[in-house]
Amino acid sequence: MYTLSKKSLEKLQGVHINLINFMKELIEISPWDFKITDGVRTATEQNKLYQSGRTIPGPWKTNCDGYKKISNHQTKIDGLGYAVDIGVLIKENEKIVYKGDWKDFHYYQDIYNTAKKAGLIEKYSIEWGGTWKNRKDGPHFQILGADNVPYQK
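Everything in the sequence shown is counted per my numbering, starting at 6 for the first residue and increasing by one.
Shown next, in the form of structure tokens:
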């Protein structure tokens with residue numbers, strides 16, 4: 006059984022309570038340890054991710070620039086973020102290794118399947134980025150219908 010670290014709990018500050026409770030329950034039944042890598046993001050933080058693979062060297066990360074196209078990680082009209090990203094942690098050769106590459110998608114699939122089987126997806130009305138048709142986002146979990154909630158101005 007795993008638990009969220011203090012740093013992961015801090016990253017959940019400002020996130021919708023359903024997503025917080027979902028993550029707290031999920032870590033306890035997850036087949037893999039994980040950390041919260043992102044909760045609420047500012048427009049500046051979101052734009053920096055958007056620039057990756059565009060004006061900043063590195064892999065492409067998101068279609069949301071934080072200004073014209075806003076991410077569900079950014080605060081909604083109620084002041085809360087509606088999305089969380091996780092990072093799987095695996096012990097290899099006595100070291101804890103972060104698994105975040107596309108080839109590691111199966112770890113996130115296992116976590117989602119566990120949440121689905123336990124009824125947590127429905128209980129907390131959660132959507133997983135790994136089920137998206139256009140671009141799968143294994144680390145991403147958000148409140149179902151988050152795209153329809155207005156953003157804070």
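Every residue gets a Cβ at the ideal spot worked out from N, C-alpha and C, and that includes glycine.
Residue i - containing alpha helix (DSSP H), residue span
{"i": "His145", "result": "It is not in any alpha helix (DSSP H) - His145 instead sits in the beta strand (DSSP E) that spans 145–148."}
{"i": "Ile34", "result": "22–34"}
Three-state secondary structure (DSSP) of residue i
{"i": "Gly134", "result": "helix"}
{"i": "Ser13", "result": "helix"}
{"i": "Thr8", "result": "coil"}
{"i": "Lys53", "result": "helix"}
Start-to-end residues for the beta strand (DSSP E) that takes in residue i
{"i": "Thr67", "result": "Segment: none, Thr67 is in no beta strand (DSSP E) and carries neither H nor E."}
{"i": "Tyr129", "result": "Taken as a continuous stretch (DSSP letters only), Tyr129 belongs to no beta strand (DSSP E), as it is neither H nor E."}
{"i": "Leu94", "result": "88–97"}
{"i": "Asp38", "result": "38–43"}
Reference residue i, options the options, closest by Cα
{"i": "Thr136", "options": "Leu14, Lys81, Tyr113", "result": "Tyr113"}
{"i": "Asp115", "options": "Arg140, Ile148, Leu31, Ile61", "result": "Leu31"}
{"i": "Ala88", "options": "Leu9, Gly19, Asn139", "result": "Gly19"}
{"i": "Val45", "options": "Ile131, Lys138, Lys81", "result": "Lys81"}
Proximity below 8 Å, CB of residue i to CB of residue j
{"i": "Val93", "j": "Trp133", "result": "no"}
{"i": "Ile91", "j": "Pro144", "result": "yes"}
{"i": "Thr117", "j": "Phe27", "result": "First, the amino acid is wrong: residue 117 is Tyr here, not Thr. It is not a contact, given that the beta carbons lie outside the stated cut-off."}
Beta-carbon proximity list for residue i, same chain, < 7 Å, skipping 5 on both sides
{"i": "Asn52", "result": "Asp70, Gly71, Tyr72"}
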